[in-house]
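Participant: This structure is in structure tokens; I'll ask about it shortly.
Structural data, given as structure tokens:
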């Protein structure tokens, strides 16, 4: 992605934990939301991995990614049942102990009567040593942050609450700005002039996304120009828009 | 996942290639479809990675995954524009040359008039040396298979056509069977007996998936029992169903 992707940008990876996504039973709704929100605030999502509910796979993914990116987010696997192994896996990844955290237990008691706080539910208060908690406005059982790893729930509404709770405390870069130009043309008819524009604006990222317009059955193309620099976005975007007009014109 | 996941199973990983998914602009629709179809035919999807349009990232993901799994599928980045770098990246991953393939060129000419077969469109006929082609019934520009790596388009309709074209020639295992039991209960109220059932049936995979029922605003739980063995599925599924009934009963 060249110079548009300069050093100093704040980056992130996401690890989605769950057999149910890999089996196709559950359609993930978190990746798109997290990608949009991080882009909005100036954190560049650079990689996503979906891994099964297997400790060694979770540990391997988290340890590989936390070395490479500013932040690693995880979703899923922090509930009360036997297949919820994320907190223990993160403790293993960091080589720290894990136990019921009194702060987390107190949060659970805001939502669950003490008589209902059985052993299974107490699992949701198990937090790796040294982690800070991420509040959950929906159902109280918290997520947590250890080092640069932020552990969130898998239920979308709860995950979203945790993401908003943690975003204010994270470092952010300048947001990547974008402009989309719709071309009523097949990619292959505009690829050459588009490539020339991409070469002329190395500080912009220019993507070409074909799709089939279901209203008329035709293949069309969304051209997306991205830059952190408003002036570059304007200049490269105008060049793409002029090219698309010229391609559509008579001749 | 223990014994349910025995040796001899046929496994796969998926690499989704595209800045547009990582930026949140495009919501991926391929992961869920591929996960479902592979599960249907008896191929276990074990990991998904979403990576940007950057050659070294694509090469690293494909080379890591093709060592570990029976098959690696990729989606995206095989069109005619400057940002379509998947074919070149796969050639680099395998250390082979890449050039316009006469078979692929002939396929393009079924759909595109020779006068419109410009240099950009000819990029879609660039195929790594030694690869076989995967036909595309929608718009002809083919995918390809090299070693255990299957390269498909990103446009869902085209990807689906390619997936159906390639599935018949792949090895398959016994399909993982599944049964879902809805519990009108919060996870924490059934976690203990569910854990006992999971321990009693080590050959089954039992997952617990909480969700908020938007019709009544209550948190409920889907319990999913999975096994390749119909008798195990029945026995473990019946045990879960009885437990759910008992939990709901007067008491």
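Residue numbers (this note's numbering), protein chains in the order written: chain A, 32 to 282; chain B, 32 to 282. Beta carbons: idealized from backbone N, C-alpha and C, even for Gly.
#1: Quick check: the segment 259-278 of chain B against the segment 204-212 of chain B, are at least 3 beta-carbon pairs closer than 8 Å?
#2: Using a Cβ-Cβ cut-off of 7 Å (strictly less than) and excluding sequence neighbours within five positions of residue 97 of chain A, which residues of its own chain qualify?
#3: Rounding to the nearest angstrom, what Cα-Cα distance links residue 40 of chain B and residue 90 of chain B in this structure?
#4: Going straight from the alpha carbon of residue 136 of chain A to that of residue 142 of chain A, what length do you get?
#5: Please state whether DSSP places residue 279 of chain B in a helix, a strand or coil.
#6: DSSP three-state label for residue 35 of chain B, please.
#7: Do residue 232 of chain B and residue 266 of chain B have their C-beta atoms closer together than 8 Å?
#8: Would the beta-carbon of residue 131 of chain B fall within 8 Å of that of residue 151 of chain B?
#9: How big is the Cα-Cα spacing for residue 234 of chain B and residue 111 of chain A?
#10: Hey, residue 129 of chain A and residue 119 of chain A are a contact pair by Cβ (cut 8 Å); roughly how many whole angstroms apart?
#11: Can at least three beta-carbon pairs, one atom from the segment 214-225 of chain B and one from the segment 158-176 of chain B, be found at a separation below 8 Å?
#12: Do you know offhand how far residue 190 of chain A's Cα is from residue 46 of chain A's?
#13: In the DSSP assignment, what are the bridge partners of residue 252 of chain B?
#14: Following the continuous alpha helix (DSSP H) through residue 116 of chain B, name the residue where it begins and the one where it ends.
#15: At which residues does the alpha helix (DSSP H) containing residue 68 of chain A begin and terminate?
#16: Per DSSP, residue 204 of chain B forms a beta bridge with which residues?
#17: Is residue 82 of chain A close to chain B, meaning its C-beta is less than 8 Å from at least one C-beta of that chain?
#18: Go to residue 52 of chain A, then tell me how far its alpha helix (DSSP H) extends in each direction, as first and last residue.
#19: Using 8 Å as the threshold, is the C-beta distance between residue 74 of chain A and residue 251 of chain A below it?
#20: Go to residue 176 of chain A, then tell me how far its alpha helix (DSSP H) extends in each direction, as first and last residue.
#21: At which residues does the beta strand (DSSP E) containing residue 159 of chain A begin and terminate?
#22: Of the residues that make up the segment 90-112 of chain A, which ones have a beta carbon closer than 8 Å to any beta carbon in chain B?
#23: Flag residue 152 of chain A as yes if its beta-carbon sits less than 8 Å from any beta-carbon of chain C, otherwise no.
#24: Could you check where the beta strand (DSSP E) with residue 41 of chain A kicks off and where it finishes?
#25: Give the interface partners of residue 58 of chain B over in chain A, defined as CB-CB distance under 7 Å, in chain order.
Facilitator: The short version:
#1: yes
#2: 103, 178, 179 and 180
#3: Taking C-alpha positions only, residue 40 of chain B is separated from residue 90 of chain B by approximately 26 Å.
#4: 10 Å
#5: When DSSP states are grouped into helix, strand and coil, residue 279 of chain B belongs to the helix group.
#6: Below a pLDDT of 50, predicted positions are generally treated as unreliable, and residue 35 of chain B, at 44, falls in that range; no measurement from the model is reported.
#7: yes
#8: no
#9: 22 Å
#10: 6 Å
#11: no
#12: 13 Å
#13: Answer by DSSP bridge pairing, in chain order: B:214 and B:241.
#14: Per DSSP, residue 116 of chain B belongs to no alpha helix (DSSP H) and is neither H nor E.
#15: First-last of the alpha helix (DSSP H) with residue 68 of chain A: 61-72.
#16: According to DSSP, which records beta bridges pairwise, residue 204 of chain B is partnered with nothing at all.
#17: yes
#18: 50-53
#19: no
#20: Counting along the chain, residue 176 of chain A falls outside any alpha helix (DSSP H), though it belongs to the beta strand (DSSP E) covering 174-177.
#21: It spans 157-159 - the beta strand (DSSP E) in which residue 159 of chain A sits, taken as one unbroken run.
#22: 110, 111 and 112
#23: Protein chains A and B are contained in the structure displayed, whereas chain C is not.
#24: Looking at the DSSP string, residue 41 of chain A is not in any beta strand (DSSP E), and its letter there is neither H nor E.
#25: 63
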